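Please read the structure below before turning to the comments.
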Amino acid sequence: MVEVWGGIECSVVRVGGEIRDQLAETGHSNRIEDLDLVASLGIKTLRYPALWEHVEAVERRDDWSWHDERYQRMRRLGISPIAALIHHGSGPSWTSILAPDFAERLAAFGGRLALRYPWVKTFTPINEPMATARLSGLYGFWHPHRADEPSCLRLLVAQCRAIAMTMSAIRKVIPDARLLQTEDFGKIFATRKLAYQAEYENGRRWLSLDLLCGHVGPRHPFHERLLNAGVDPDHLADLAAAPCPPDLIGVDYYLTSDRFLDHRVERHPREPIGGNGIEPYVDIAAIRAGVPERELGFASRLREVWGRYALPVAIGEVHNACTREEQLRWFMEGWEAALECAVEGIDVRAVTSWSLFGAVDWNSMMMRKDGYYECGVFDVRADLPRRTIMADAISALVNKQSFGHPVLAQTGWWRAPRKRLGKSPAIRLRGFDRRLSILGECCSRRRLPARAAPQQPGSPNAWVELSVRDTGGGSSVVLFASYCPGKTFSLAVRDGVDWVAACNAFLDLVIDGLTGTYELVAANHDNQYRVAEHPAPHTPATAHQR
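Numbering of the sequence shown is given in the numbering used here, commencing with residue 7 and proceeding in unit increments.
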């Protein structure tokens with residue numbers, strides 16, 4: 007039976023002289039009550055930090071206070087954590103991945119962690135080692151900011167050694183400890199001219215798991231290249247002689263995971279030009295390059311991973327930084343793909359709802375400090391995290407119930423649209439106003455079927471009716487939603503707020519089923535907005551609850 011797991015974005019990365027800490031930037035570090043919200047969904051397995059950077063921030067001086075409080079809370083709530091020791095980081099500031107004793111020091115920390123929480127059974131010592139090696143060693147985004155393949159390969163092997171040694175240390179304390187190894191196995195596609203480059207990169211993407219499974223011996227296609235990159239031959243020999251295969255492979259998959267290499271750079275004037283030293287080319291998301299849909303998606307990658315390793319798999323991260331209906335469509339696509347693969351005989355254990363409380367500045371790989379928030383299952387842009395429709399979906403699936411919503415009648419933007427929706431409920435737009443027309447245009451762009459209301463009220467097959475109302479004072483306009491059960495939601499939009507951004511924020515909240523009276527405090531493009539609740543007369547505010 008495929009389960010639903012959760013995960014909290016917990017990257018700690020060094021960018022130049024700064025440390026980007028997602029737990030702090032999303033506010034989770036100061037909200038232990040978040041764990042109660044996770045439990046309210048019914049989630050029993052949670053990818054959760056036990057970060058080396060936080061515990062041993064000062065060398066040889068552990069501070070477990072934050073983790074003790076939260077791990078005890080999870081235990082009381084019946085949540086089984088999958089402990090993450092490093093998530094895209096380089097370890098505490100006093101060390102780094104390429105330090106000679108990095109693996110030994112992480113292993114020592116893992117042993118202390120196991121002694122501290124011997125009831126924890128599943129661990130991810132290092133998240134996505136290949137992705138981290140590329141971002142830190144090939145593209146130069148994160149520490150140590152290298153931009154050459156030898157550095158990338160050395161970073162990868164150093165991480166894999168650390169994973170194997172850490173699991174060995176943990177298993178000395180917890181003999182039945184399991185390794186969940188996560189990785190992004192995005193496939194590379196290319197023009198015919200760059201087919202050789204795609205073939206090479208498609209081989210390289212398996213290296214982290216090949217190393218851990220003991221497959222990288224002298225006959226492995228990357229063995230010589232690793233040695234030429236400066237990897238210690240003894241380190242390769244040790245990994246081959248004492249494999250540390252995952253008990254479970256976490257396939258982290260995003261809309262932009264699959265890539266397309268195009269030598270026709272003039273077709274992509276807004277894309278940075280890269281290359282391999284032989285050919286200049288651009289590297290774009292395959293989903294935007296006309297690659298056949300059947301070759302993309304969760305199911306395709308799950309089948310590849312299962313076919314190569316025949317080890318149990320889970321979708322380790324499902325998250326889409328987009329409008330609410332697209333978040334929901336993406337998650338449900340992942341869920342349905344997992345069920346489809348399970349029927350085929352693939353040992354699929356779970357689908358993980360990632361970034362339960364969102365993420366900050368991942369659109370720039372945390373290279374910029376824009377405060378760009380990607381909403382999670384809970385929206386933290388309020389005094390207290392607010393449930394979104396994603397929470398309803400997860401709760402239903404956790405409890406083995408089906409989940410439906412009118413927005414799921416149509417596909418996400420990455421799929422060809424369905425031409426016939428039958429009698430699927432639509433949005434009803436009531437009124438005659440240019441502002442309402444813009445709201446309708448926003449619905450159309452988001453593949454949200456919307457129809458003008460007839461003169462007589464009560465037209466069938468509508469799940470919500472939307473209208474625009476003037477307040478009379480001239481300082482704001484109210485977007486109003488009336489749901490079929492009779493509940494209502496109003497959003498006051500201040501004068502000067504971008505109307506398209508306001509409409510898109512409103513649609514997100516309508517899809518969530520939000521009720522009550524709110525004000526749009528700020529709104530920008532790409533779903534960057536904040537709302538404040540107005541308390542009902544003579545009653546206290548209800549803390550943004552649905």
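Virtual Cβ for every residue (Gly too), placed ideally from N, Cα, C.
Computed from a prediction, not measured in an experiment: that's the story for all the values here.
- For Thr-358, the enclosing beta strand (DSSP E) stretches over residues 354-359.
- Boundaries of the alpha helix (DSSP H) around Glu-59: 58-61.
- Annotation: the continuous alpha helix (DSSP H) that includes His-229 extends over 229-234.
- Asn-510 sits in a helix when the DSSP states are folded into three classes.
- By the neighbour-count criterion, in which a residue is buried when 16 or more other Cβ atoms sit within 10 angstroms of its Cβ, Glu-272 is exposed.
- With a cut-off of 8 Å on Cβ pairs, the stretch 163-170 is in contact with the stretch 216-225, counting three or more such pairs.
- For the 7 Å CB-CB criterion, Ala-168 and Val-126 do not form a contact.
- Contact annotation: the stretch 64-74 does not touch the stretch 418-425, with fewer than three C-beta pairs closer than 8 Å.
- Counting C-beta atoms within 10 angstroms of its own C-beta, Gly-502 has fewer than 16 neighbours from the protein chains shown and is therefore classed as exposed.
- For Leu-43, the CB contacts under 7 Å within the same chain, skipping 5 residues up- and downstream, are Phe-384 and Pro-391 in chain order.
- By a beta-carbon distance limit of 8 Å, Phe-363 does not contact Ala-295. Their separation comes to about 32 Å.
- Closest in C-alpha terms to Ala-365, from the list Arg-231, Asp-532, Ala-175 and Glu-380, comes Glu-380.
- Residue state for Thr-521 is assigned as coil, using DSSP reduced to three classes.
- Within the stretch 167-247, the complete alpha helix (DSSP H) runs of at least 4 residues fall at 201-210, 213-218, 229-234 and 239-247.
- Between Leu-414 and the set Glu-350, Arg-330 and Arg-355, the nearest pair of CA atoms involves Arg-330.
- Within the same chain, Val-484 and Phe-486 come within 6 Å of Arg-475 by CB-CB distance, once the 5 residues on both sides are set aside.
- Under the DSSP definition of a beta bridge, Leu-526 partners with Val-499 and Val-537.
- Comparing alpha carbon positions, the residue from Tyr-378, His-151 and Val-349 closest to Ile-103 is His-151.
- In this structure Gln-187 is not in contact with Pro-275, their Cβ atoms being roughly 39 Å apart against a cut-off of 8 Å.
- In this structure the stretch 391-400 lies against the stretch 331-348, because at least three pairs of beta carbons, one per stretch, are closer than 8 Å.
- Annotation for Asn-282: Gln-203 place their beta carbon closer than 8 Å to its own, counting only its chain and skipping 5 residues before and after.
- One Cα belongs to Gly-146, the other to Gly-410, and the distance between them is close to 43 Å.
- Residue state for Thr-417 is assigned as coil, using DSSP reduced to three classes.
- In this structure Ile-290 is not in contact with Leu-261, their Cβ atoms being roughly 12 Å apart against a cut-off of 8 Å.
- The criterion of a C-beta distance shorter than 7 Å is not satisfied by Ala-511 and Ala-528.
- The beta carbon of Ser-482 is closer than 7 Å to those of Ala-498, Val-499, Arg-500 and Asp-501 in its chain, skipping five residues each way along the sequence.
- The beta-carbon separation of Ile-38 and Glu-15, rounded to 17 Å, does not stay under the 8 Å limit for a contact.
- If you draw a straight line from the Cα of Ala-56 to the Cα of Gln-416, it is about 40 Å long.
- One thing to note: Val-470 has its Cβ within 7 Å of the Cβ of Ile-433.
- Within the same chain, and ignoring the five residues on either side of Tyr-489 in sequence, the residues whose Cβ sits closer than 6 Å to its Cβ are Val-470.
- Partner residues in a beta bridge of Gly-478, as assigned by DSSP, do not exist.
- Residue state for Phe-409 is assigned as coil, using DSSP reduced to three classes.
- With a threshold of 16 other beta carbon atoms within 10 Å, Trp-100 falls short and is exposed.
- It is roughly 10 Å from the alpha-carbon of Leu-245 to the alpha-carbon of Asp-216.
- The beta carbon of Asp-264 sits closer than 6 Å to the beta carbons of Gly-192, Lys-193, Ala-292 and Leu-302 from its chain, once the five residues preceding and following it are set aside; these are given in chain order.
- In this structure, the beta-carbon distance from Ala-175 to Gly-84 does not fall below 7 Å.
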